[in-house]
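Enquirer: Numbering (numbering that gives the first Met the number 0), first residue to last: 0 to 101.
Backbone N, C-alpha and C fix where the C-beta goes; we use that ideal spot for every residue, glycine too.
Note that the structure is predicted; figures quoted are calculated from it, not measured.
To start, I am sharing the structure in question, which I have written as structure tokens.
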Amino acid sequence: MVFILLAGSLSGACAAPEEVIDRRASEVEGALELSFAADFSETLNGSLEAGDRVSISYDPDRTPCTGFKYGQPAYSVLAHWRIDAGEVHTVQVAGFESHPGA
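If you want it as structure tokens, here you go:
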């Protein structure tokens with residue numbers, strides 16, 4: 000079972016997660032796409048199976064109450080996922096780069 004949680008922060012001063020993975024959809028060849036649309040619907044373009052790769056497409060209009068500072072997003076949206084009882088992983092999907100190298 001896969002658990003995915005999207006978390007947002009309106010502060011650029013929040014603690015950075017231990018591990019952040021950033022992959023643009025175009026960089027994940029052959030991946031299923033998990034989409035989070037502005038209307039708060041979620042879709043997966045296929046059936047998720049063990050070993051599959053997934054790219055996350057997040058519409059920033061899901062978070063209309065966001066701000067910008069110096070022309071840059073002053074918020075972060077992170078996805079956290081875990082498979083069964085395994086490790087929790089994190090990926091940045093929108094907003095401010097809150098973790099160096101993300």
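1) When you compare the region 65–73 with the region 38–56, are there three or more beta-carbon pairs, one atom per stretch, that lie closer than 8 Å?
2) What are the boundary residues of the beta strand (DSSP E) that includes Val92?
3) Give me whichever residues DSSP pairs with Pro104 in a beta bridge.
4) Under a three-way DSSP split, which group does Phe35 fall into?
5) Using the Cα positions of Gly29 and Leu47, report the straight-line distance between them to the nearest angstrom.
Expert: Quick answer:
1) no
2) Locating residue 92 in the sequence shown gives position 93, where the first residue counts as 1. His88 to Gly94 is the span of the beta strand (DSSP E), which, as asked, contains Val92.
3) Outside the shown range of the chain, which is 0 to 101, sits residue 104, and nothing can be said about it.
4) As a first step, residue 35 is located in the sequence shown; it is residue number 36 there, counting from the start. Strand, per DSSP.
5) Position 30 of the sequence shown holds residue 29. Position 48 of the sequence shown holds residue 47. Cα to Cα, Gly29 sits roughly 13 Å from Leu47.
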